[in-house]
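Heads up: the sequence shown begins at -17 in my numbering, then just goes up one per residue. All C-beta atoms, glycine included, are put in the ideal place defined by N, C-alpha and C. On a predicted model such as this, the values are computed, not experimentally measured, just so you know.
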Amino acid sequence: MTPGRRSSTFTRLLRHGFTDPSAAERLLDSAELAAVRDDPVLLEALGATADPDLALHGLVRLLEEQPGPTDRRELLDTLIAAKPLRDRLLGVLGASAALGEHLARHPHDWQELVTYEPRDLHPGVEEFERRLAEAGDPVALRVAYRRCLLSIAARDVCGTTDLAQTAAELADLATATLRAALAMAAAAAPADAAACRLAVIAMGKCGGHELNYVSDVDVIFVAEAAEGTEEAKALGAATRLASHMMRICSETTVEGSIWPVDANLRPEGRNGPLVRTLSSHLAYYQRWAKTWEFQALLKARPVAGDAELGQEYLDALQPLVWQAAERENFVSDVQKMRRRVVENIPASEIDRELKLGPGGLRDVEFAVQLLQLVHGRTDPSLRSGTTLDALQALAVGGYVGREDAARLDEAYRFLRAMEHRIQLHRLRRTHLVPKAEEDLRRLGRSLGLRTDPVTGLLREWKRHTGVVRRLHEKLFYRPLLDAFAQLAPGETRLRPDAARERLIALGYHDPAAALRHLEALASGVTRKAAIQRTLLPVMLGWFADSADPDAGLLGFRKVSDALGKTPWYLRLLRDEGAAAENLARVLSAGRLAPDLLMRAPEAVALLGDGDGGGLEPRGHAQLEQEILAAVGRAENAAQGVTAARGVRRRELFRTAAGDIVDSYGIEAGDPGADPGALVDRVGGAVSDLTAATLAGTLRAVVREGWGDTLPTRFAIIGMGRFGGHELGYGSDADVLFVHEPREGVDEQEAAAAANKVVSEMRRLLQLPSADPPLLIDAGLRPEGKSGPLVRTLKSYEAYYRRWSLVWESQALLRAEHVAGDADLGRRFIELIDPLRYPEHGLDDEAVREIRRLKARMESERLPRGADPKLHTKLGPGGLSDVEWTVQLMQLRHGRRVPALRTTRTREALAAARDAGLLSGEDAAVLDEAWVLASRVRNAVMLVRGRAGDTFPTEPRELAAVGRYLGYGSGHAGDMLDAYRRTARRARAVVDELFYAD
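The structure is reproduced here in structure tokens:
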């Protein structure tokens, strides 16, 4: 061979995918291939295989093993002339070294790949049985089995069959093999065969009709005595037959083994008898079986032996499978078992584990099986033992999103194809992705990744495992399943009669109206109705866990009517974590949150775990940035304030929904609960939102009237609960307005501009619209309602220096800059600090004046007919008692104790405790009372949709307040008693600290 020719051939071999062109050249120059070495058809066919080097080596070896020149010539002629054989044979040789070895040992078996009849394309159990029938001993059975396996692999690597068909053929071949092995065992012990009826039940992937190339074949044996035979003797005979059958398949011979037959899924596992009667199986599953054993039975399928007995076994046990989801802790048991599987993977293998690792095959299978067990109780279409068929049925039934199902299907097929190709190479049972580059290259090429097979394989593998991992967690752990599994039998579908009974039992006051809502939501054959039928049985229970389930269901219908046609709404409720339960809680907790939601139903997205932002309140800076940006895009002030109010409405809903959801997790008296944190969160969130809304409104008004710059600097000072970051849902915004004319601007012009700003802000924030109004209250300004709305900083200074009263110093304890010119706001705070934190504290006259004011307020402002002991603001031990007590300590000691200089009540109370101004016990009593009164006010607003300082008198509203505070149905009296008790203790502390000299 000339150097030039060698160089040309070398390059051609590289181009066709050979990694060792020198060795390939030598093989092509061998005597066996002399007749076809220059035929381009051969080189093209070799280059199309997963591993051209391996395929060429296997072909040469097969030719070497042919008995004579005539046989060799026949093989070569057929190979070149018949493309089907060429593709099949070289495809197998390039993908499987083990099948290449088989062909070398049995050189005539290549002829199995010549036939290309239609019946050859998709053989079933009968065809495989016919081809195994000639085997008279275990060794011959192995040879015949490999011969069948050869044809399956050929169809697989050539793409004649897809993954599901290949897995089904492998399961059918296993079925035929088990039958042949059992027949051999029976022939070897005819007396045993006559003494019993023995059925072999396939489990696992064989039972599910989705077997791998190399896998344990899981089985369970069930037997009955033949007529006239004692049961004990029959079981002994059946056990011997079963054991012999297992050995025939599992033992290693000169032709290797077929696969291990594993009976460890039987009752009691390895510790239990190999063979049981049907009644013994039934008794075990009825009394002792664990959750995972019912999950395993999903794939049970009679495959060999007594077919009638096998069917009896299935008929007896299948009903138990579909009752498994009713077991206590069923869903959590399955979830824990999956976690244990992952935890037991060696750390060195977890990143290569294709089957058991995170994002692996088992994640798909577990998720699908869990959904089957939960929903298959009432939907027989889901009762397939085949993973891909079951996944398709779940999608058709609306239990899994179509897109999610399609992505899981694609990922599962890819990962199973990887598993098949890895096992096919050596016909070894493994689920580990290889490390060697040559193995990865062959694997990638076998899956059609030819350009850069290693990189492409690793990229696709990572992508598919990522998809599986995300969707597994989404489907497998979603709480809707857990709740659905806990429903009693008959409650998972909404038949009219059963639905009415359940509604009455659950406490619905108007079951007829509720049934109309259910019919509107769940009737029909649309996918939307199918998903609603999945959601509603669980959501009815969640609604019933509230004081007003009727309102919850009505709200759900309204939201569903508004959003039902959007593609994401029902998908969110079905798939996205706790969204469905959160929505049920929010809709049935009262009027405020549903009213806010119905004004813009798309806010339901906040209830999920995805990109909606969740229920955690957003910070002041983020809110102000969004509102100012929206105002900046608006064409005029009215549009800008409308946008700001829209953000406020959405964020009020976020805060209210988060408050409701978290409050449902707190039981009254729970020592681990922290209701104070909920109050602080609501107060901070509503106060930040109010400040951001005022800032946006101010910007909108100034921009429309004066452009970028107002003739006067302008600042808004928060007062009262606003300044203290303690606003409730129904609170007005107490403020002071301060301005300072810019250089060269006439004071009258500046004052006119400032007053116009305030007037326009108040007007725009109260315009009737779909968004709740924001009321601005400037009643705490100097001279009250008789004084000007806006003053200059100098005017404030003059007033406070000459006319300030002690109540105004007390009110200024809560003053904090909230919007507008920051420097002006800072100077205002510096101006008032000496008033609210007097250098020498308060004299006795000032203290007496504060006490007189407090007593007069209690007597004059308490509503007529109200029960003082239940009035959260002015009643004994209420908000006023606690706040005035804390503020008196701030006025007296604020100059000496810097930590007291805060606008927040709870912070000041803690600082007073730390400074020794009151005992820790007294501080805890006051704090508990203040938190409870604040929560009651928030609850009243959430329940009634309007502010109130007393407990509602309407029973359902009172019960709803109780539910928010952690009291179950029928315990409203306990709630009122607990409030009175808490307030009474607080009043005793107030009497000692506020009124005592």
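- Judged by pairs of C-beta atoms under 8 Å, the region 371 to 385 touches the region 508 to 528, as three or more such pairs exist.
- Taken through DSSP and simplified to helix, strand or coil, D361 comes out as coil.
- Beta bridge pairing from DSSP links D759 with D716.
- Collapsing the DSSP output to three states places H263 in a helix.
- Relative to A612, the option among T624, V415, D670 whose CA is nearest is T624.
- Across the set E14, G807, E26, the C-alpha of E26 shows the shortest separation from the C-alpha of L(-4).
- DSSP places C231 outside any beta strand (DSSP E); the residue lies instead in the alpha helix (DSSP H), whose first and last residues are 213 to 232.
- A136 is a Cβ neighbour of R70, given a cutoff of 7 Å.
- Assigned with DSSP and collapsed to three states, V96 falls in coil, not helix or strand.
- For the 7 Å CB-CB criterion, R424 and V436 do not form a contact.
- Sequence-distant partners of R818 (beyond 5 residues in either direction) whose C-beta falls short of 8 Å from its own C-beta, in its chain, are S791, Q792, L794, L795, A797, Q872, L873, G876.
- If only complete runs of 3 or more residues are kept, the region 143 to 189 shows the beta strand (DSSP E) at 178 to 184, in order along the chain.
- The DSSP-derived three-state label of V257 is strand.
- Looking only at A921, R724, P583, the smallest Cα-Cα distance to Y949 is reached by A921.
- At least 7 Å separates the beta-carbon of A175 from that of A181.
- For L67, same chain residues with a beta-carbon under 7 Å away, outside a window of 5 residues either side, are T60, L61, L95, V96 in chain order.
- Pairing R763 with A697, the inter-Cα distance amounts to about 14 Å.
- Beta-bridge partners of L914 (DSSP): none assigned.
- Less than 7 Å divides the Cβ of A278 from the Cβ of L247.
- In the DSSP assignment, D200 falls outside any alpha helix (DSSP H) and lies within the beta strand (DSSP E) extending over 199 to 207.
- Put simply, the backbone Cα of D959 is about 10 Å away from that of L852.
- A distance below 6 Å between beta-carbons, with the five flanking residues on each side excluded, links R703 to the following residues of its chain, in chain order: L709, S713.
- Secondary structure note for E798: its beta strand (DSSP E) is the uninterrupted segment 798 to 802.
- The residue from V740, R410, R695, L757 with its alpha-carbon nearest to that of D728 is R695.
- Each residue's CA atom was taken as its position, placing A388 and A561 some 23 Å apart.
- One Cα belongs to L36, the other to A79, and the distance between them is close to 7 Å.
- Between the beta-carbon of V971 and that of D896 there is about 17 Å, and that puts the pair past the 8 Å contact cut.
- R966 has its alpha-carbon roughly 11 Å from the corresponding atom of D973.
- In this structure P51 is exposed. Its beta-carbon is surrounded by fewer than 16 other beta-carbon atoms within 10 angstroms.
- Bounds of any beta strand (DSSP E) do not take in G367, whose DSSP letter is neither H nor E.
- If you draw a straight line from the Cα of C178 to the Cα of L260, it comes to about 13 Å.
- In this structure, V243 places its C-beta atom within 7 Å of the C-beta atom of M228.
- Distance check between A170 and each of E151, G706, I230 places I230 closest, using alpha-carbon atoms only.
- Residue L676 holds the alpha-carbon nearest to the alpha-carbon of R627 among L676, M580, T235.
- Inclusion of A760 and V717 in the CB contact set at 7 Å is warranted, their separation being smaller than that value.
- Within the DSSP secondary-structure output, V243 pairs in a beta bridge with V199.
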